[in-house]
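The sequence shown lines up with residues 407 to 699 when you count with the UniProt record's numbering.
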Amino acid sequence: ATPTALMVGTGRGAQLGILIKGPEVLENTRRADTIVLDKTGTVTTGRMALLGIRTAAGTDETEALRLAGALEHASEHPIAQAVATGAAERVGALPAPEDFANVPGLGVQGVVAGHAVLVGRERLLAEWAIALPAELEEAKEQAEAEGRTAIVVAWDGEARAVLAVADAVKPTSAEAVRRLQGLGLTPILLTGDNRAVAEAVASEVGIERVIAEVMPEDKVDVVRRLQEEGRTVAMVGDGVNDAAALAQADLGLAMGTGTDAAIEAGDLTLVRGDLRAAADAIRLSRRTLGTIK
Ligand code: ADP
Ligand code: MG
């Protein structure tokens, strides 16, 4: 394509809410045949809500919400914000943690009101050799069967509660997936969340291939493996636990509603956080580079 065509292409992109880092990006946009979609914050709104709590026998619900909410208040993760907000609504002011650490892809751990507290996936508790009692295992399975993310709360060495958190699929995601498929791309849903939740979201938006329960540092390997299969991989993410994968992809598309890390790692920014703009970007690049009319 001529320099003028490329300039017109990038200008048209800006009108469509697509910021393109440079004209050279359009070539990889045109070539992409696979599009990896991060679940949380990309296909879903990432605005989660705390929908319920089940406690183990002998555990006070208010205490569980207070300790979990206090710890999650210190994290920026969309799930953490849902737990902190939901807990504060139910029990009022939350204490400040005495100690806090984020465990990417697993949850948070720290000290609240003198208690050693863990909040996150069952796998986080397993690292501390804490098992779920049968009643909580059942609560977790039930929440996941309903397409919710089950978050486990433990303190002082015992699992004490399961929180059900849910995140809505964006109203535009299903149409975006249809349009991407119409352009010949294979969509793949990628998430650190559990398989049941991932499958529920995938079927709601029409994605057949799901890669779930992937740790943040392994998302980049998922992209690399797809590239080794000979695919040209586009990846859309919000930068929460997926910035390295965005950078590894042949074409990184950052949700403009995501983090600065996403926008830095990406080749393109979808300004409005609307996944349909990913399909617009592919179409635009093909037009600009003259492969369709
Ligand atoms: P995704 O791949 O969908 O963007 P993440 O990789 O950020 O999700 O997180 C994977 C999983 O780890 C979440 O679904 C949740 O179960 C757990 N998790 C991560 N951070 C937290 C947190 N702050 N509190 C509770 N659970 C968390
Ligand atoms: Mg994410």
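Just so you know, even glycine gets a beta-carbon here, dropped at the ideal spot from N, CA and C.
Starting from the C-beta of residue i, find all residues in its chain whose C-beta is less than 7 Å away, skip the five residues before and the five after it, and write them out in chain order.
i	result
S481	N508 and V514
V607	K445, V449, T450, V575 and L595
R529	L512
E550	A556, N600, A602 and V603
R418	L690
R585	R682 and A685
V522	The sequence as given places Ala at residue 522; Val does not occur at that position. So the list reads W561 and D562, once near-sequence residues are dropped.
L412	P429, L432 and T694
Rounded to whole angstroms, how far is the Cβ of residue i from the Cβ of residue j, which I believe are closer than 8 Å?
i	j	result
L674	L569	In fact, because the Cβ distance is near 35 Å, the residues do not count as touching under 8 Å.
M641	G658	6 Å
I632	V626	In the sequence under discussion, the amino acid at residue 632 is Leu, which differs from the Ile named in the question. Incorrect: roughly 11 Å between the Cβ atoms, too far for contact.
residue 752	H479	Lying before the first or after the last residue shown, residue 752 is absent from the chain, which here runs from 407 to 699.
G645	A618	Their Cβ separation, rounded to whole angstroms, is 20 Å, which puts G645 and A618 out of contact at 8 Å.
D573	R678	The pair is not a contact, with the Cβ atoms about 19 Å apart (cut-off 8 Å).
G526	V558	7 Å
Can you name, in chain order, every residue of its own chain whose Cβ lies under 8 Å from the Cβ of residue i, other than the five neighbours on each side?
i	result
A462	P539, E541, L542, E564, A565, R566 and A567
V414	T694
V628	V442, L596, I617, V620 and A651
May I ask you to check if the CB of residue i is nearer than 7 Å to at least one heavy atom of ligand 1?
i	result
E478	yes
A486	yes
R527	yes
V517	no
D599	yes
T555	yes
L512	yes
S579	no
residue 700	Lying before the first or after the last residue shown, residue 700 is absent from the chain, which here runs from 407 to 699.
S609	no
P503	no
P593	no
H521	no
S691	no
P409	no
Q622	One point to set straight first is that residue 622 is Pro, not Gln, in the sequence displayed. Yes.
Going by other Cβ atoms of all chains shown within 10 Å of its Cβ, with 16 needed for buried, is residue i buried or exposed?
i	result
Q654	buried
G643	buried
T410	exposed
A420	exposed
T408	exposed
W534	exposed
R554	buried
P484	buried
D648	buried
P503	buried
M621	exposed
R615	exposed
G464	exposed
G598	buried
R637	buried
D656	buried
A476	buried
R630	exposed
Using a Cβ-Cβ cutoff of less than 6 Å, which residues in the same chain neighbour residue i once the five nearest sequence positions on both sides are dropped?
i	result
E610	V575
Does the distance between the C-beta of residue i and the nearest non-hydrogen atom of ligand 3 fall short of 7 Å?
i	result
V646	As for ligand 3, it is missing from this structure, which binds only ligand 1 and ligand 2.
Requested in this report: Specify whether the stretch 433-446 and the stretch 584-597 touch according to this definition: at least 3 beta carbon pairs, one from each stretch, less than 8 Å apart.
Outcome: yes
Query raised in the report: Does the stretch 577-587 come within contact of the stretch 681-696, defined as at least 3 CB pairs closer than 8 Å?
Result: yes
Query raised in the report: Below 8 Å, can you find three or more Cβ-Cβ pairs linking the stretch 489-504 to the stretch 469-478?
Result: yes
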